[in-house]
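Have a look at the structure below, then the notes.
Residue numbers (my numbering), protein chains in the order written: chain A, 42 to 635; chain B, 478 to 1393.
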């Protein structure tokens, strides 16, 4: 290993309370320095350097999909083929690249220039199809743009294309500054009244801030909608261990691309929100866990933190109030399940990002076993408004028990996919209108991201977008990732893609999730290919039933509940393909139901 | 906090921290589990222990991870639960190849048992997928991932019970698998083949390779016994094929101290030697210069005649006897009693003389008792572990597991050693000292501790006799001076002192790196002083803990196989004690003159002071320093009687050879390093022409007209126990299941896990013996420029007779290697694998070299396990001035290259104990 790299890793280790946490950044650094893939010897060297057993380091390197243990081409083309991509024609892009480069998915061109991969959700649902080349996103791709891209790459040039997400805001809180040209700079943030809320917060006692946040009724925006105030109240009173605050920026729920809007275009809003939260809960050290694919966003956040440090808004004794706050930006490496807070904590500790069982909850024993509060980006970004404008102003937005603004990501078969900020409780139809309306006729809609049960057009009628209304309709508001499907969408195809997402993202820890993730895609593939049987369709339902409420983490059930909903609500569609199969030979199948 | 939960309608109390599964198990309520194991943290992976929780609204929760809460209502079975459990089992059976007919695990497989209990006949879905290859690369363990259910027990075991940290999960989702290191075959990994993963695997994914096909569990007889290797005294289960009269497998006994099921590669896999073809199976006597097979009658008559002739001619003191740290308490007592009651001399000693003699002497002088003060399992709860002169992972592997566990629990580990041993991987601080400088190092630390006011003044005042003497004496060892002598940077020494003085309760462990010096007893006294200055004695997880090297070396001392004491340290020169034994044994004229120590016995051969040596289980030629000199001495004996299980370097010089019964063939007891007396059991029918040595001694005694009263091992034990002190409460019956720790003076005494409770020493108050540093006898010079230090390897034991007659250990470590630092190697033009000639002033040997940074510059290292390249050809016959323990740890040598070569072991095997 190069001395410079070694020094870099030692530096990285110093950023964390425990050096082991530097494992993932260290592997990123080595991979970047070594043509995009990791050698076993490199992994061993990092392990030695950080005092980690070889096997544990290898376990980590092989867990995350962004670490390449096999060599990749100079340009690693990664096409997001998850459901929003599927609906936008991502499969055509894959086929097109495959034809152009004469490689199959997973292969590298003979000249070593290109490797073609398909990947799961890149949080680019409003701008898909998306092709990620090494670390850069190329969005709103078409076959023609692919040709331009390949031509440019052959010349050794990574084009500087920008395809910003469409947006709209009714609330003007979270996306207020989205249109500002230099929104990321601290000068503009300060000019727009930034960090005033923090100053206001620091003038009060932490408990007072906690009370206000509790009274605001703010619910977590990551998916579960858990009240923030109640989460804070779980912290053990008078604890002597350090308290950690973690911002969950591992935005990976298919259909969701809202947090990146805040981080990319208004990073100081998040930083200010974090500082307020850290002050309220007594956290001295904070972390922003950003999904690995967002490395340019990590750079934006680090730059913003630097600016804020220089401006005295972050660091030691902020604004002379005797309060210390700082955050480490930690990059993930491709694992959906790290969006689950305990898996995120494991990952941040430099381990395989597998969920922990609860209890204990992170508020009691989280990062390094210390009390830890984990919040979604959007949740934290609400805090400056609550402190600045007050509890009542916040409660004036939304519906009872569902207060405040919410960013909805709209993707799939709508005219203008994008992010739209509305009060909670806004009718679905209004949000879809903001997105230009459904293209064609609505067949089904997912409102909370791919891991929530879809609703048929009839079920979605008159739906209000808040936690309680969605629950009443048998689904979840989740992260507010709305995926719209029109009549051209094949539900069996979407079910298969959902189960493939499950197979790719199951951590493999517990039996039912691991094993059903192995079996469901095989069974659903047969359905899609017209080789499936009714018994196999029932087996699909049985597998989904066996996983609900039995997995180690909420993820297990979340992966299969939507599949169950698709099979149940659109059984005729599966059976129509299955009936084709019953005529065809079933003996050739690789799956047999006893 | 406590409370009550309701399980299946029963109201059950619990204490805070208990899980639902824990409460259920405690109350005999069965909940099936697969990933759960008592020794591991709950994992919640398999999901078969799901139970229904709640009153009106119920949910399924894993009972293994769910903390019991007051008022909780739990159902362990209902239709839904059974359905889910069946599903889990069906899913597991559907992945991989679960073929019970062919599987070695049948009958012990937990998945099989659960499928049977739930009535699951076949998997729900079978998917044809390429199966994972079987990893049969390692000599002892077979990995068959086709049968893995990803329960994680092996990974958790490797990481948290034995803390070898070789296994991990790799990949994700359905691709999850278990790998060694960075996904290499087990044989190429740093795996030390301890087999804890095999023991904890609930299915047939990890198997004892050597046992495969050797018998189903119900066909094999299970015999519980004590391990025949190091002094840890691990408790084993032998799996015996009674028809073939062979041990075919060994497992660790779960839930029993000291090892709680854990073993090392020797204990788990070194079990074939009793059935080796190489065993001695006939008595022999030398006729016309040649050893020939004779009848037992003839051999015993001959021996009796010769002893009688010589002793009548030259007096009883020309007779000397060796007991052994490797034979049972009963046999040590038998040779001790024979020597004293029949021959009437106190010339009996054993190999503790060449290892922990200084511990016995030094600690007895300081505390009043010369054994490990605390217990093995306490080590895992230590706050600060100070390990000096102990290559624990190799010499006492199971004890090292507890040390590493302590580190995982937050303990500070300081390792002091001239070599960067494997334990350093887990150390907070590794301190490299120059060979033979321990007194200076320890004195320097005490100086710093006094200087900073970190001494435990209350303990010094209340519990020690002469604190001012040590305080004054240590003034001569300021850090600057100590550092110059021991080669440790001043800052490091200050840091060590600071940790010892301020970071919590200190537990000191040491081994032969302390004792095998010309100043061994001084070293021990310095350690005792350091701990008295710190005051961490007489409490749980503290103390001064010499880790004894052999299975029964503690017992051999306790049995009085020493020239100065009867059993349990009753002094021979006390006329009252002699009278007591005359009465107890029914004899007259017991000698009250202290006998010769082992090296004295040998030295006196030269001047005719020793004419007879009755040697039980010692292999003297190979273990004493300066082999050439030892052999010359042995050759001069008039009568040399050797009792052993294998021909060895010593047997060729015998006049009489008595083949002994081997471990596995006799009943008896061993006393381990933590003073625990554990039973050893007969598992095999002894070779028909091999006799117990106590019977031989008894027959000899009869011919001398003395009835020793030996009719069985139990009778010998009772005879010993009757006249003992600290063993008086340890009856044959009481230690039949779990061993008892002495002192145990009465039959209702529970035994003593840690001694000197509350600083009340056996001798009253603790006594300081401040010592001055002295240089080793022989130091490197121009002619012999390198240090040689000696020790033990993980894969072998003593002179290799047991380990080299067991399958697989020789494959892992087939040859002796001299370890050299790269700097020295480069100067000499030597690379790993090259043949070299190593010479000292006493002899030379040829062997291959291993160039490794675990040696310090200028320091080389090897062992005496291999007769063909035995380090003791080189070692110096210089001795500790108190106990006459040889200075095995320091002598001067030179190394010359002979020719290029390559190691015989597979790549990686040797390096398992030298990871960076």
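For each residue, glycine too, the CB sits at the ideal point set by N, CA and C.
Classification of residue i by the beta-carbon crowding that lies within 10 angstroms, buried from 16 upward
{"i": "residue 278 of chain A", "result": "exposed"}
{"i": "residue 706 of chain B", "result": "buried"}
{"i": "residue 1397 of chain B", "result": "The shown model of chain B, from 478 to 1393, leaves out residue 1397 of chain B, and the question about it has no answer."}
{"i": "residue 666 of chain B", "result": "buried"}
{"i": "residue 48 of chain A", "result": "exposed"}
Distance between residue j and residue i (C-alpha atoms, nearest Å)
{"i": "residue 627 of chain A", "j": "residue 572 of chain A", "result": "Here residue 627 of chain A scores only 39 on pLDDT, less than 50, and its place in the model should not be relied on; the value that follows carries that caveat. Looking at the two C-alpha atoms, the distance is approximately 6 Å."}
{"i": "residue 579 of chain B", "j": "residue 698 of chain B", "result": "21 Å"}
{"i": "residue 482 of chain A", "j": "residue 527 of chain A", "result": "5 Å"}
{"i": "residue 1005 of chain B", "j": "residue 1087 of chain B", "result": "36 Å"}
{"i": "residue 987 of chain B", "j": "residue 1119 of chain B", "result": "32 Å"}
{"i": "residue 496 of chain B", "j": "residue 507 of chain B", "result": "14 Å"}
{"i": "residue 529 of chain B", "j": "residue 566 of chain B", "result": "18 Å"}
{"i": "residue 1370 of chain B", "j": "residue 963 of chain B", "result": "20 Å"}
{"i": "residue 165 of chain A", "j": "residue 487 of chain B", "result": "55 Å"}
{"i": "residue 1073 of chain B", "j": "residue 1359 of chain B", "result": "13 Å"}
{"i": "residue 1321 of chain B", "j": "residue 1375 of chain B", "result": "13 Å"}
{"i": "residue 420 of chain A", "j": "residue 556 of chain B", "result": "42 Å"}
Own chain partners of residue i with C-beta closer than 6 Å, once the 5 adjacent residues on each side are dropped
{"i": "residue 176 of chain A", "result": "336"}
{"i": "residue 668 of chain B", "result": "643, 657"}
{"i": "residue 475 of chain B", "result": "Coverage of chain B is limited to positions 478 through 1393, which leaves residue 475 of chain B absent and any answer about it impossible."}
{"i": "residue 1190 of chain B", "result": "807, 1144, 1145"}
Nearest residue (CA-CA) to residue i, options the options
{"i": "residue 907 of chain B", "options": "B:806, B:898, B:1026", "result": "B:898"}
{"i": "residue 1106 of chain B", "options": "B:756, B:1354, B:659", "result": "B:1354"}
{"i": "residue 1076 of chain B", "options": "B:1372, B:1356, B:1012, B:1033", "result": "B:1356"}
{"i": "residue 734 of chain B", "options": "B:1216, B:560, B:1158, B:1095", "result": "B:1216"}
{"i": "residue 384 of chain A", "options": "A:137, A:588, A:368, A:397", "result": "A:397"}
{"i": "residue 809 of chain B", "options": "B:1334, B:1271, B:1028", "result": "B:1028"}
{"i": "residue 1061 of chain B", "options": "B:1197, B:1168, B:1166, B:957", "result": "B:1197"}
{"i": "residue 217 of chain A", "options": "A:551, A:425, A:599", "result": "A:425"}
{"i": "residue 761 of chain B", "options": "B:1130, B:1016, B:1227", "result": "B:1130"}
Spatial neighbours of residue i in its chain, beta-carbon cut-off 7 Å, leaving aside the 5 residues before and after
{"i": "residue 620 of chain A", "result": "Note on residue 620 of chain A: pLDDT 48, under 50, position unreliable in the model; the coordinate value appears next. Contacts found: none."}
{"i": "residue 202 of chain A", "result": "179"}
{"i": "residue 615 of chain B", "result": "663, 664, 668, 670"}
{"i": "residue 392 of chain A", "result": "101"}
{"i": "residue 917 of chain B", "result": "954, 959, 962, 963, 1250"}
Contacts around residue i, its chain only, beta-carbon distance under 8 Å, and the 5 residues preceding and following it disregarded
{"i": "residue 1071 of chain B", "result": "823, 1040, 1041, 1049, 1050"}
{"i": "residue 1213 of chain B", "result": "1156"}
ask   = Is the segment 1119 to 1136 of chain B touching the segment 1148 to 1156 of chain B, taking contact as three or more C-beta pairs under 8 Å?
value = no
ask   = Counting Cβ pairs closer than 8 Å, one from the segment 602 to 613 of chain A and one from the segment 513 to 522 of chain B, do we hit at least three?
value = no
ask   = Are there three or more Cβ pairs, one per stretch, closer than 8 Å when the segment 1118 to 1125 of chain B is compared with the segment 1278 to 1290 of chain B?
value = yes
ask   = Per the contact definition of three or more C-beta pairs closer than 8 Å, is the segment 407 to 415 of chain A in contact with the segment 268 to 283 of chain A?
value = yes
query = Just checking, does the segment 875 to 883 of chain B make contact with the segment 628 to 644 of chain B on the three C-beta pairs under 8 Å criterion?
reply = They touch, by the three-pair rule.
request  = Please determine if the segment 554 to 562 of chain B and the segment 521 to 540 of chain B are in contact, where contact requires at least 3 C-beta pairs separated by less than 8 Å.
outcome  = yes
request  = Evaluate the contact criterion for the segment 152 to 159 of chain A versus the segment 487 to 500 of chain A: three or more CB pairs, one atom per stretch, below 8 Å.
outcome  = Taking 8 Å as the limit for Cβ pairs, the verdict is that the segment 487 to 500 of chain A does not touch the segment 152 to 159 of chain A.
task = Taking 8 Å as the threshold, find out whether the segment 281 to 301 of chain A comes into contact with the segment 448 to 460 of chain A through three or more Cβ pairs.
result = Verdict: yes, contact present.
key: Segment contact, 8 Å Cβ cut-off, at least three pairs: the segment 203 to 215 of chain A with the segment 355 to 366 of chain A   = no
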